[in-house]
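Peer 1: This note's numbering puts the first residue of the sequence shown at 2, with every later residue one more than the last.
Input: one structure, supplied below.
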Amino acid sequence: AGKCGVFAETDINGLQKQGVPANELMASLFEAIVQQNLSVLTRGNTLRPVCLLLGGPNTFIPAMQDAWRHNVWKVWEERKFPLPEGKTAEDLVVVPENAQYFAAIGAVLYGKGEEPDVAQFTGLEALQEFVSTGRDTMRAAGGAAKSLSKSPEELEEFKEEYTIPKHEFPEFKPGEIVEGWVGIDGGSTSTKAVLLNRDAKLIGAFYQLSKGNPIEDTKEVMAGLRDSIESQGATLKIMGVGTTGYAKDILKDTIGADVALVETVAHTQAALHFYDDVDVIVDVGGQDIKVIMLKNGRVSDFKLNTQCSAGNGYFLQSTAGRFGHPIENFADIAFKAKGLPVFSYGCAVFMESDIVNFQQLGWSADQIMAGLAHVLPKNIWLYVVQEPNLAKLGRRFVLQGGTQRNLAAVKAQVDFIKMKVPDAEVIVHKFCGESGAIGCAIESIRVTERHGHTHFIGMDALLGLGFNSKRDESTRCYFCKNKCLRTFIDTKTPDGDERRFIIATCEKGTVEDVAKMRDIKGKMDEKKKNFPNFVDVAAKKAFTSYSPEVALKETKPGLLTKIRLPRVKAQLEKREKLKEVKIGMPRALNMYNTGPFWSAYLEAIGIPAKNIMWSDFTNEELYKKGSRRGSIDQCFPAKVSLAHVHDLIFKKKKPDIILFPIPNTLQTDLSDMLDSCSCPTVTATPEVVKAAFTKEGDVFAEHGIEYWDPVVDMYRPALAEKQLFKFFNDKFGISKEENAAAIKEAFKALKTYKVDLLRKPAREVLEKLKADGKLGVVLLSRPYHHDPGLNHEIVEELQMMGYPVFSLDSLPIDEDILEEVFGADIRAGKIPNAMAVTDVWKNAYSTNSAQKLWAAKYVARHPNLIALDLSSFKCGHDAPIYSAVEEIVTESLTPYFTFHDIDENKPTGAIKIRTETIDYFLQRYIEDMQDKKEKKQKLTELLEAKKRELLEKKKAEQDEQDKSDPALASVSS
Numbered sequence: 002a003g004k005c006g007v008f009a010e011t012d013i014n015g016l017q018k019q020g021v022p023a024n025e026l027m028a029s030l031f032e033a034i035v036q037q038n039l040s041v042l043t044r045g046n047t048l049r050p051v052c053l054l055l056g057g058p059n060t061f062i063p064a065m066q067d068a069w070r071h072n073v074w075k076v077w078e079e080r081k082f083p084l085p086e087g088k089t090a091e092d093l094v095v096v097p098e099n100a101q102y103f104a105a106i107g108a109v110l111y112g113k114g115e116e117p118d119v120a121q122f123t124g125l126e127a128l129q130e131f132v133s134t135g136r137d138t139m140r141a142a143g144g145a146a147k148s149l150s151k152s153p154e155e156l157e158e159f160k161e162e163y164t165i166p167k168h169e170f171p172e173f174k175p176g177e178i179v180e181g182w183v184g185i186d187g188g189s190t191s192t193k194a195v196l197l198n199r200d201a202k203l204i205g206a207f208y209q210l211s212k213g214n215p216i217e218d219t220k221e222v223m224a225g226l227r228d229s230i231e232s233q234g235a236t237l238k239i240m241g242v243g244t245t246g247y248a249k250d251i252l253k254d255t256i257g258a259d260v261a262l263v264e265t266v267a268h269t270q271a272a273l274h275f276y277d278d279v280d281v282i283v284d285v286g287g288q289d290i291k292v293i294m295l296k297n298g299r300v301s302d303f304k305l306n307t308q309c310s311a312g313n314g315y316f317l318q319s320t321a322g323r324f325g326h327p328i329e330n331f332a333d334i335a336f337k338a339k340g341l342p343v344f345s346y347g348c349a350v351f352m353e354s355d356i357v358n359f360q361q362l363g364w365s366a367d368q369i370m371a372g373l374a375h376v377l378p379k380n381i382w383l384y385v386v387q388e389p390n391l392a393k394l395g396r397r398f399v400l401q402g403g404t405q406r407n408l409a410a411v412k413a414q415v416d417f418i419k420m421k422v423p424d425a426e427v428i429v430h431k432f433c434g435e436s437g438a439i440g441c442a443i444e445s446i447r448v449t450e451r452h453g454h455t456h457f458i459g460m461d462a463l464l465g466l467g468f469n470s471k472r473d474e475s476t477r478c479y480f481c482k483n484k485c486l487r488t489f490i491d492t493k494t495p496d497g498d499e500r501r502f503i504i505a506t507c508e509k510g511t512v513e514d515v516a517k518m519r520d521i522k523g524k525m526d527e528k529k530k531n532f533p534n535f536v537d538v539a540a541k542k543a544f545t546s547y548s549p550e551v552a553l554k555e556t557k558p559g560l561l562t563k564i565r566l567p568r569v570k571a572q573l574e575k576r577e578k579l580k581e582v583k584i585g586m587p588r589a590l591n592m593y594n595t596g597p598f599w600s601a602y603l604e605a606i607g608i609p610a611k612n613i614m615w616s617d618f619t620n621e622e623l624y625k626k627g628s629r630r631g632s633i634d635q636c637f638p639a640k641v642s643l644a645h646v647h648d649l650i651f652k653k654k655k656p657d658i659i660l661f662p663i664p665n666t667l668q669t670d671l672s673d674m675l676d677s678c679s680c681p682t683v684t685a686t687p688e689v690v691k692a693a694f695t696k697e698g699d700v701f702a703e704h705g706i707e708y709w710d711p712v713v714d715m716y717r718p719a720l721a722e723k724q725l726f727k728f729f730n731d732k733f734g735i736s737k738e739e740n741a742a743a744i745k746e747a748f749k750a751l752k753t754y755k756v757d758l759l760r761k762p763a764r765e766v767l768e769k770l771k772a773d774g775k776l777g778v779v780l781l782s783r784p785y786h787h788d789p790g791l792n793h794e795i796v797e798e799l800q801m802m803g804y805p806v807f808s809l810d811s812l813p814i815d816e817d818i819l820e821e822v823f824g825a826d827i828r829a830g831k832i833p834n835a836m837a838v839t840d841v842w843k844n845a846y847s848t849n850s851a852q853k854l855w856a857a858k859y860v861a862r863h864p865n866l867i868a869l870d871l872s873s874f875k876c877g878h879d880a881p882i883y884s885a886v887e888e889i890v891t892e893s894l895t896p897y898f899t900f901h902d903i904d905e906n907k908p909t910g911a912i913k914i915r916t917e918t919i920d921y922f923l924q925r926y927i928e929d930m931q932d933k934k935e936k937k938q939k940l941t942e943l944l945e946a947k948k949r950e951l952l953e954k955k956k957a958e959q960d961e962q963d964k965s966d967p968a969l970a971s972v973s974s
């Protein structure tokens with residue numbers, strides 16, 4: 002990611018743990034920075050030669066210079082920009098002498114050009130006075146808090162309670178064979194290894210900051226573990242190995258680990274192993290914050306940070322390093338601070354800016370470090386968890402993760418928690434840094450004892466393991482159109498055993514052999530059949546032909562038309578174009594739910610289906626090629642629209658016309674809407690695209706293409722009819738009757754798309770979920786998130802885990818279903834009708850926002866559905882409804898998961914942690930559902946048995962009474 006340092010750091014950590022070499026990561030980083038500048042900061046302008054590269058990075062990093070020259074030259078070639086003959090990129094993209102000083106030199110030159118009486122230099126005394134005392138007032142005005150501790154006595158009391166005593170490991174006798182189970186946590190910034198005995202007692206541990214390569218890091222920590230045992234003359238025998246963290250999968254494959262456990266589960270295991278009655282686990286690592294809520298010893302909910310709030314522990318470490326202090330001294334320095342600045346919470350880049358501002362205001366290093374510790378709990382509870390009422394979560398909190406070794410961070414967290422929950426018990430895990438490793442080691446004991454053996458390659462084989470990792474064009478996967486890069490890791494053990502491990506973005510890419518790939522694909526196809534993904538169905542069916550009835554009438558011009566009516570003749574000539582004209586449309590934005598309307602309308606007015614083309618689905622190559630004309634930095638779905646139009650312009654089979662309609666309003670099934678407006682950014686994008694491609698000459702005209710962006714109000718069909726008649730009558734000479742018939746066919750296609758292709762099959766799947774007691778995932782998103790290039794195939798990962806996925810438009814709205822879901826609340830007067838959103842959002846006018854809110858209501862009331870809320874970074878319409886959507890869903894205790902702030906980059910490691918955690922949580926949730934169902938069934942059976950018993954008893958009593966009464970006996974006889 003080029004736009005944000007935190008996003009880029011998240012990417013680097015994830016890719017590093019997948020084995021991507023450092024040199025390739027650095028090259029990718031330079032490329033990302035240049036691409037970001039060319040796609041946004043140039044505002045669509047062509048950089049004209051000679052280009053000067055200024056500033057420190059451009060001066061001192063030759064590879065950055067190469068990235069600029071390579072990409073700027075490509076822009077010039079694409080735009081056919083005239084260049085001086087015989088000149089190379091090195092001649093035209095130049096780093097001048099003293100490039101790092103140009104801003105300062107410019108200030109001098111500007112000052113020399115001013116009139117002498119503008120200002121007079123009076124010496125440095127006033128500046129020195131301001132630095133020493135003058136900034137105190139500014140600091141006070143900028144907001145400040147007291148120190149981390151109230152008094153020296155309170156601090157000493159805190160240290161006494163929360164300083165973790167050094168663990169004394171057991172001693173072993175010379176010649177003793179020590180059996181142990183190893184847990185390895187390949188985290189974002191550190192690697193930890195622990196050794197447990199059969200009783201899950203800690204008998205060894207090793208911790209070090211990561212050096213960049215997860216395999217090399219693992220070899221070092223494992224060597225440290227062995228040395229701790231064998232230095233006593235004992236022999237270590239490894240009985241099993243578990244891995245967790247960002248590097249868990251690569252380590253599982255290369256060293257033969259017995260289990261690769263998702264981090265959230267590993268941390269839960271470690272907490273529950275050492276502490277009883279835990280309510281909340283707070284894990285703060287180098288990259289991620291994980292908050293796990295428990296009930297009766299089981300996970301009841303969890304929260305993970307987004308990309309925006311990533312890098313917490315690492316940020317503390319890097320800031321200490323910037324001030325010349327090792328991270329181990331952070332707390333002692335921060336505790337000395339008298340007063341501290343108040344940081345903004347949430348975004349690490351904003352906090353980085355705060356540091357610069359606070360330094361200018363005269364805050365010292367110790368005060369800034371104290372301020373960073375002080376803001377950490379706000380980041381955890383107010384930004385990540387978004388729950389200010391901590392008391393509702395419980396009272397027993399366990400703090401875990403390497404960051405909890407920092408007592409300044411712990412002090413801030415303890416104070417914050419106890420301010421919110423006065424009777425809270427806050428415990429720092431006695432092995433906080435190693436808790437993830439302990440959790441997976443515990444799991445390895447369970448797995449190996451069940452299977453009776455370990456898959457570990459052995460300590461000698463591991464320490465002597467040679468390896469080489471490669472990720473370039475030669476490793477690219479061609480098993481599907483995405484053509485993803487893969488990482489090949491070739492290993493060789495000391496005894497000559499050679500193996501190749503492949504890290505890929507999907508299962509198909511993990512093999513090289515086509516036959517093996519086909520086997521994998523067969524299994525994946527079977528899973529897709531059993532667990533349908535209606536998001537994928539919606540994406541594909543939105544861009545197919547619906548074979549509408551052609552409304553265009555055949556007209557043959559007569560002699561009078563040719564001679565006397567030139568206007569009619571011109572109209573007829575326009576109509577003739579319909580048979581041959583080729584129209585291209587971008588597969589972007591609200592085309593994902595209006596595509597059937599447009600393709601059906603165009604076919605109905607006489608354009609053959611074969612002459613209607615679409616841009617490709619979003620992929621990295623498409624975006625990189627077409628994003629350099631960006632003039633504003635809006636959300637990614639809008640930015641990528643430029644690339645889709647670029648794709649159409651540069652297709653081998655070019656369209657004659659690019660049609661990118663402006664959807665002012667959208668069709669909706671919801672009621673009580675004030676309006677049904679499209680997102681303003683979506684509405685404006687077709688005009689932004691037009692401006693971008695006509696800024697420095699008309700690119701459309703250069704390629705013989707016309708660009709059309711008619712406005713249409715689909716919420717008001719009568720108005721839409723008038724708008725399209727006015728536009729297409731002028732373009733193709735169609736009549737009012739033909740236009741009306743085409744509009745009718747277009748809305749009919751839209752209905753077929755929603756009802757026949759989505760809701761009917763979705764209903765069948767929903768009924769099966771109810772019958773089987775299983776769960777389906779509803780994607781709460783905007784229509785364009787159906788694009789796999791925008792949703793990063795998150796929904797496909799969940800589908801492969803065994804969950805059907807529903808889009809908003811696929812949720813069935815048959816009367817009996819709506820009665821089942823909403824009937825009780827309608828009768829109770831809680832909601833006016835099944836399709837209303839005014840009970841949760843009074844002023845509903847934005848179509849897609851209202852649909853998300855309505856779908857949240859649907860999910861909250863359906864026992865077999867859970868919510869996955871997906872939103873793009875910078876989405877101004879989603880941000881206001883985040884809390885409303887969450888409250889609607891969680892009020893009914895329905896699982897609710899989020900992927901907010903997704904952007905152009907795909908943080909594979911972070912996505913994997915979240916999806917695996919979601920899967921783990923949902924499996925427990927399904928078990929609880931089934932347990933409740935069984936209990937209910939047993940209770941029903943008991944009640945029925947009791948009822949039968951009572952009836953039989955009553956009948957027996959009646960029979961006895963009949964026998965004792967002669968009159969009744971004679972009647973009965």
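We put the beta carbon where it would ideally sit given N, CA and C, even for glycine.
Could you pull out every unbroken alpha helix (DSSP H) segment of at least 4 residues lying fully inside the segment 835 to 918, listed in chain order?
Peer 2: 848 to 862 and 883 to 891
Peer 1: Per DSSP, what kind of secondary structure is M674 in: helix, strand or coil?
Peer 2: coil
Peer 1: With H, G and I counted as helix, E and B as strand and the rest as coil, what does DSSP make of G57?
Peer 2: helix
Peer 1: Which of the three DSSP states, helix, strand or coil, is assigned to A90?
Peer 2: helix
Peer 1: Spell out the partners DSSP gives A261 in its beta bridges.
Peer 2: T244
Peer 1: For the candidate residues F170, G176 and V222, whose alpha-carbon lies nearest to that of L197?
Peer 2: F170
Peer 1: Expressed to the nearest angstrom, what Euclidean distance is found between the alpha-carbon atoms of E621 and T506?
Peer 2: For E621 and T506, the gap between their C-alpha atoms comes out near 14 Å.
Peer 1: Three-state secondary structure (DSSP) at I832?
Peer 2: coil
Peer 1: Quick check on G3: buried or exposed, where buried means 16 or more other Cβ atoms within 10 Å of its Cβ?
Peer 2: buried
Peer 1: On a Cα-Cα basis, can you pick out the residue from I613, H268 and D514 that is closest to F544?
Peer 2: I613
Peer 1: Just how far apart, CA to CA, sit V712 and M586?
Peer 2: 15 Å
Peer 1: Which runs of the beta strand (DSSP E) at least 3 residues long sit entirely within the segment 118 to 195? Give them in chain order.
Peer 2: If you keep only unbroken beta strand (DSSP E) runs of at least 3 residues inside the segment 118 to 195, you get 178 to 187.
Peer 1: Unbroken alpha helix (DSSP H) runs of length 4 or more, entirely within the segment 25 to 76: which are they?
Peer 2: 57 to 61
Peer 1: Quick one: using the 10 Å Cβ neighbour count with 16 as the cut-off for buried, is C5 buried or exposed?
Peer 2: buried
Peer 1: Straight-line CA distance for V376 to V343?
Peer 2: 7 Å
Peer 1: Am I right that T455 and G188 are in contact with their C-beta atoms under 8 Å? What's the rounded C-beta distance?
Peer 2: T455 to G188, Cβ: 23 Å. No contact.
Peer 1: Along the chain, where does the alpha helix (DSSP H) containing S354 start, and where does it finish?
Peer 2: First-last of the alpha helix (DSSP H) with S354: A349 to Q361.
Peer 1: To the nearest angstrom, how far is the alpha carbon of E953 from that of E961?
Peer 2: 12 Å
Peer 1: With a CB to CB cut of under 6 Å and the five nearest residues on each side skipped, what residues in its chain are close to G978?
Peer 2: Lying before the first or after the last residue shown, residue 978 is absent from the chain, which here runs from 2 to 974.
Peer 1: Ordered along the chain, which non-local residues of its own chain (more than five positions away) have a Cβ less than 7 Å from that of G286?
Peer 2: Once the five neighbours on either side are set aside, the close Cβ partners of G286 are G188, S189, G314, G402, G403 and T404.
Peer 1: What is the DSSP secondary structure of V779, reduced to helix, strand or coil?
Peer 2: strand
Peer 1: Any idea which residues DSSP pairs G698 with across the strands?
Peer 2: K696
Peer 1: Pop quiz: M352 and A321 are said to be a contact at Cβ under 8 Å. What is the actual Cβ separation, rounded to whole angstroms?
Peer 2: Actually they do not touch by this definition, with Cβ atoms about 14 Å apart.
Peer 1: When burial is assigned at 16 or more other CB atoms within 10 Å of the CB, is A272 buried or exposed?
Peer 2: buried
Peer 1: If you draw a straight line from the alpha carbon of E221 to that of S354, how long is it in whole angstroms?
Peer 2: 36 Å
Peer 1: With 16 other CB atoms within 10 Å as the buried threshold, where does C441 fall?
Peer 2: buried
Peer 1: Assuming N59 contacts A108 (C-beta within less than 8 Å), just tell me the rounded distance between them.
Peer 2: No, N59 and A108 are not in contact; Cβ-Cβ is about 19 Å, not under 8 Å.
Peer 1: Give the straight-line distance between the Cα atoms of F976 and T899, rounded to the nearest whole angstrom.
Peer 2: Residue coverage of the chain in this structure runs from 2 to 974, which leaves residue 976 outside it and unanswerable.
Peer 1: For the alpha helix (DSSP H) that M460 lies in, which residues bound it at each end?
Peer 2: M460 to L464
Peer 1: Go ahead and pull the three-state DSSP assignment for K653.
Peer 2: coil
Peer 1: Does DSSP classify G372 as helix, strand or coil?
Peer 2: helix
Peer 1: Out of G698, Y708 and I744, state which residue places its alpha-carbon closest to the alpha-carbon of L720.
Peer 2: Closest option to L720, judged by alpha-carbon separation, among G698, Y708 and I744: I744.
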